[in-house]
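>
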Amino acid sequence: MVLYLIGLGLNDEKDITFKGLEAVKKCAQVYLENYTSFLQCSVQELEKFYGKKITLADREMSEQGAEKIVDEAKSKDVAFLIIGDPFSATTHTEIFRLAKEKKVPVKIIHNASVLTAIGITGLQLYKFGKTTSIPFPEEHPCLETPYTVLKDNLKLGLHTLMLLDLRPAENKYLSINKALEVLEEIEARKKSKLITSDLLVVGCARLGSDDFIIKYGRVSELKKIDFGKPPYCLVIPGKLHFAEEEVLEGWK
Ligand SMILES: C[S@@+](CC[C@H](N)C(=O)[O-])C[C@H]1O[C@@H](n2cnc3c(N)ncnc32)[C@H](O)[C@@H]1O
């Protein structure tokens, strides 16, 4: 039997690949990891389109329960659905490793990820440095990591992708406006003059959907924009090639 790790892409039930859909249809058990990202459709819409009952896998089931899921695939075909691409969140490498260790056949069906879709901004993917995340500030009052990562990337002229925390089960999403305030708050402590109100940044919401939003502008401008529904991310450009600048200007 096989454990399938299937990427769902970024938008809705129809973003699954044909190969992914074929695999889901033959599985006896289908799990959906729904805590690291967010789709623009409901679980019911996924179930209807795939013709399968879906079991939601929260962080605990996906991480501590990974062994149980892998063991289940010894006696039946199991699908583990991941929003975006299976390998774009560090958490899912563990279930892959575990399947290999237990000698359970595992097949990966890739899909689009925020890590590639961000190329729509015009920023060249190979000029991105380390990706970082901004967590909810109330849980990390002394946060420094995103600022340190940004500093290191900027030294090399590289762009910085910042993923913004989310907790779909609680309908809680860190907005772009709030993320910029978090960066300003770190700036006030660290004083390296990286984040100023004039700094040009890129805010993105719902990449991959028809109503995606990308805005390129100053921190002071982006803080006033309502980006609508999640998920959101932020990019702080490094050194720009003129071709990148041309596309970015279109998002002003
Ligand atoms: C931990 S990553 C998981 C990435 C996902 N597995 C993928 O391949 O796209 C989730 C974060 O990526 C960002 N993100 C994911 N999808 C996005 C989208 N469609 N538009 C903008 N940002 C997105 C958000 O910051 C979100 O909190």
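So the sequence shown is residues 539 to 790, counted in the working numbering.
Just so it is clear, CB atoms sit at the ideal spot from N, CA and C, and this is done for glycine as well.
What you are looking at is a predicted structure, and each value in this text was computed from that prediction instead of being measured.
1) Name, in chain order, the residues that DSSP records as bridge partners for Tyr711.
2) Are the CB atoms of Tyr573 and Ala726 nearer to each other than 8 Å?
3) Taking the Cβ atom as the reference point for each residue, do Val740 and Leu772 lie within a distance shorter than 8 Å?
4) How about Tyr542: is its Cβ closer than 7 Å to a heavy atom in ligand 1?
5) Please list the terminal residues of the continuous beta strand (DSSP E) segment that includes Val785.
6) What are the start and end residues of the alpha helix (DSSP H) that includes Tyr685?
7) What does the alpha-carbon distance come out to for the pair Thr555 and Lys731?
8) Tell whether a beta-carbon distance below 8 Å holds between Ile656 and Lys557.
9) Do you know whose CA, among Asp553, Asp609, Gln578, Leu570, lies nearest Lys767's CA?
10) List the DSSP bridge partners of Tyr754.
11) According to DSSP, simplified to helix, strand and coil, what is Thr631?
12) Where are the beta strand (DSSP E) runs, 3 residues long or more, that stay fully inside the segment 639 to 668, in chain order?
13) Examine ligand 1 and report whether any of its heavy atoms sits within less than 7 Å of the Cβ of Val740.
14) Report the three-state DSSP secondary structure of Tyr573 (helix, strand or coil).
15) Return yes when the C-beta of Ala743 is under 7 Å from any heavy atom of ligand 1, and no when it is not.
16) Report yes if the CB atom of Asp550 is closer than 8 Å to the CB atom of Glu571, and no otherwise.
17) For the beta strand (DSSP E) that Ser580 lies in, which residues bound it at each end?
18) On the three-state DSSP scale, how would you describe Leu500?
19) Using the rule of at least 16 other Cβ atoms within 10 Å of the residue's Cβ for burial, across every protein chain shown, is His779 buried or exposed?
20) Please classify Thr628 as buried or exposed, where buried requires at least 16 other C-beta atoms within 10 Å of its C-beta.
Concretely, from the data shown:
1) For the purposes of this step, residue 711 is identified with residue 173 of the sequence shown, where counting begins at 1. Answer by DSSP bridge pairing, in chain order: Leu704.
2) Walking along the sequence shown from the start, residue 573 turns up at place 35. Walking along the sequence shown from the start, residue 726 turns up at place 188. No. Outside cutoff.
3) Taking the first residue of the sequence shown as position 1, residue 740 is located at position 202. Taking the first residue of the sequence shown as position 1, residue 772 is located at position 234. Closer than 8 Å, so yes.
4) In the sequence shown, counting from the first residue as 1, residue 542 sits at position 4. Outside the cutoff, so no.
5) For the purposes of this step, residue 785 is identified with residue 247 of the sequence shown, where counting begins at 1. Run containing Val785: none in the beta strand (DSSP E); it sits in the alpha helix (DSSP H), 780 to 787.
6) Here residue 685 is taken as the residue at index 147 of the sequence shown, counted from 1. From DSSP, the alpha helix (DSSP H) with Tyr685 extends over 683 to 693.
7) To locate residue 555, count along the sequence shown from 1; it is residue 17. To locate residue 731, count along the sequence shown from 1; it is residue 193. Spanning the two alpha carbons is a distance of roughly 45 Å.
8) Here residue 656 refers to the residue found at position 118 when the sequence shown is read from its first residue. Here residue 557 refers to the residue found at position 19 when the sequence shown is read from its first residue. No, Cβ-Cβ distance for Ile656 and Lys557 is not below 8 Å.
9) Position 229 of the sequence shown, counted from the first residue, corresponds to residue 767. Of the candidates Asp553, Asp609, Gln578, Leu570, the one whose C-alpha sits nearest the C-alpha of Lys767 is Gln578.
10) Along the sequence shown, one-based indexing puts residue 754 at 216. DSSP, once it has assigned bridges, lists Val740 as partnering Tyr754.
11) For the purposes of this step, residue 631 is taken as the residue at position 93 of the sequence shown. If DSSP states are grouped into helix, strand and coil, Thr631 belongs with the helices.
12) 644 to 647
13) For this step, residue 740 is matched to residue 202 along the sequence shown. Result no, Cβ not under 7 Å from ligand 1.
14) Walking along the sequence shown from the start, residue 573 turns up at place 35. Tyr573 falls in the coil class under three-state DSSP.
15) Within the sequence shown, the letter at position 205 stands for residue 743. Yes - ligand 1 has a heavy atom lying nearer than 7 Å to the Cβ of Ala743.
16) The residue labelled residue 550 in the question sits at position 12 within the sequence shown. The residue labelled residue 571 in the question sits at position 33 within the sequence shown. Contact: no.
17) Here the question's residue 580 lines up with position 42 in the sequence shown. Here Ser580 belongs to no beta strand (DSSP E), and DSSP marks it neither H nor E.
18) In the structure as shown, the chain begins at 539 and stops at 790. Residue 500 is therefore absent and cannot be evaluated.
19) Within the sequence shown, the letter at position 241 stands for residue 779. With fewer than 16 other Cβ atoms within 10 Å, it is exposed.
20) Position 90 of the sequence shown, counted from the first residue, corresponds to residue 628. That one is exposed.
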